[in-house]
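First comes the structure, then the notes that go with it.
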Amino acid sequence: MKWITRSHVHVDRVACPWLITRFVDSEAEFLFAPKRKVLEIAALEGAIAFDTPGAELHHRGELCTFDVIIQHYELNDKALLRMAKIVNAADTDRMENDPLAAGLEAIAVGYSLRFPEDLENIERQFEVYDALYAWCRLQVAGARRRVRPRTGIPPAGAQERREQEQAWSGHPQLRRRRKTSARASTLRGRWYLSSTRSRPLAPSRRRFARPVM
-5 MKWITRSHVH VDRVACPWLI TRFVDSEAEF LFAPKRKVLE IAALEGAIAF
45 DTPGAELHHR GELCTFDVII QHYELNDKAL LRMAKIVNAA DTDRMENDPL
95 AAGLEAIAVG YSLRFPEDLE NIERQFEVYD ALYAWCRLQV AGARRRVRPR
145 TGIPPAGAQE RREQEQAWSG HPQLRRRRKT SARASTLRGR WYLSSTRSRP
195 LAPSRRRFAR PVM
C-alpha cells in the first residue's frame, strides 16, 4: 500500500512510517510531497495520507499522528504505548512530559542535517526507533535502570528476570550463553571462571628477562 505525507520529515513523520512498517503494513511504500500537494497526490496515487492537514490520520487535540494511528488500528502493545508518550512529547514540543523527548528531538534534527533526502532519512532512523522500542519493552517488563555490563540485563528477582528475558528474546547476547554452569571466584585479588567441579587454579608464574649488563 502507498502512504504519503509532507516532505522534510521530522519526529512524527519518521515515527509514523516506522510504526506503519512494523505494525500495520510491512509492504508499505512511502511518498513525500509539499504540504499543499499531499492530498492531491494521494488521490492520484491511491495513497493513504497521514500527518498533514485534511488527512484522517492527523493530529487530534493533544494527540500527535503517532497516537492517532495507534488508536485507529487498535494497537495495544504496552511498549508501543510507552513509546508513544516519548514521541508525543517530542513532536508537540512539550519536552517536560517525558525525559527522553528532548533526546529524540535532537536525533531528528541531526538526521535531517545529515540526510536531507526524506526516504534515506527515515530508513536510517528506523534503527533508532527499533532500539527505542526495545528499551520500552524492557521498561514495561519492570526493568531497572542499573544494567549489568556483560549481559545488558538489569539485576532483578526471578520473576522480573523471566519477563526481561522474554522481552529480550532473540538478543544475540542471550543466545551466547554457555551450556555448562560456571561460577565466578576470586584468588589473591584476581578473577577467574571455573566449572563447579574444577579446583581453584594457582596463580601463574611469569619469567622476567634479566637486564643486559
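Quick note on our numbering: the sequence shown kicks off at -5 and runs consecutively. Note that CB positions come from ideal geometry on N, CA and C, so glycine has one too.
Hey, would you say residue i sits closer than 8 Å to residue j, going by beta carbons?
{"i": "Arg208", "j": "Asp45", "result": "The displayed coordinates of the chain run from -5 to 207. Any statement about residue 208 would go beyond what the structure contains."}
{"i": "Leu74", "j": "Ile63", "result": "no"}
{"i": "His5", "j": "Ala84", "result": "It should be pointed out that residue 5 corresponds to Val in this sequence rather than to His. Cβ atoms of Val5 and Ala84: closer than 8 Å."}
{"i": "Arg88", "j": "Tyr105", "result": "no"}
If you compare alpha carbons, which of the options is closest to residue i?
{"i": "Tyr123", "options": "Met(-5), His2, Ile(-2) and Cys10", "result": "Cys10"}
{"i": "Lys79", "options": "Leu107, Leu98 and Glu68", "result": "Leu98"}
{"i": "His2", "options": "Ile116, Glu117, Asp112 and Leu126", "result": "Asp112"}
{"i": "Val8", "options": "Leu132, Thr59, Gln133 and Lys29", "result": "Thr59"}
{"i": "Gln133", "options": "Phe120, Leu94, Phe109 and Glu117", "result": "Leu94"}
{"i": "Leu69", "options": "Gly136, Val18 and Met(-5)", "result": "Val18"}
{"i": "Pro47", "options": "Asn91, Val32 and Tyr127", "result": "Val32"}
{"i": "Gly136", "options": "Tyr67, Leu57 and Lys72", "result": "Lys72"}
{"i": "Glu56", "options": "Asn91, Tyr127 and Leu25", "result": "Asn91"}
{"i": "Ser20", "options": "Lys29, Ala128 and Met(-5)", "result": "Met(-5)"}
Let's test the definition: count the other Cβ atoms within 10 Å of the Cβ of residue i and tell me whether it reaches 16, buried, or not, exposed.
{"i": "Val81", "result": "buried"}
{"i": "Trp(-3)", "result": "buried"}
{"i": "Leu181", "result": "Note that Leu181 scores a pLDDT of 37, beneath 50, so its modelled location is shaky and nothing firm can be said."}
{"i": "Arg65", "result": "Correcting the residue identity first, residue 65 is Gln in this sequence and not Arg. It is exposed - the Cβ of Gln65 has fewer than 16 other Cβ atoms within 10 Å."}
{"i": "Arg177", "result": "At Arg177, the pLDDT of 39 sits below 50, so the modelled position is not reliable; the number obtained from the coordinates is stated separately. Arg177 comes out exposed."}
{"i": "Leu38", "result": "exposed"}
{"i": "Leu107", "result": "exposed"}
{"i": "Arg140", "result": "In this prediction, Arg140 has a pLDDT of 46, which is less than 50 and means its spatial position is unreliable; what the coordinates show is noted afterwards. It counts as exposed."}
{"i": "Ala27", "result": "buried"}
{"i": "Ala96", "result": "exposed"}
{"i": "Ala100", "result": "exposed"}
{"i": "Val103", "result": "exposed"}
Pop quiz: residue i and residue j are said to be a contact at Cβ under 8 Å. What is the actual Cβ separation, rounded to whole angstroms?
{"i": "Ala22", "j": "Ile35", "result": "The Cβ separation is near 16 Å, so there is no contact."}
{"i": "Cys130", "j": "Arg76", "result": "4 Å"}
{"i": "Ala43", "j": "Ala49", "result": "4 Å"}
{"i": "Phe120", "j": "Trp12", "result": "5 Å"}
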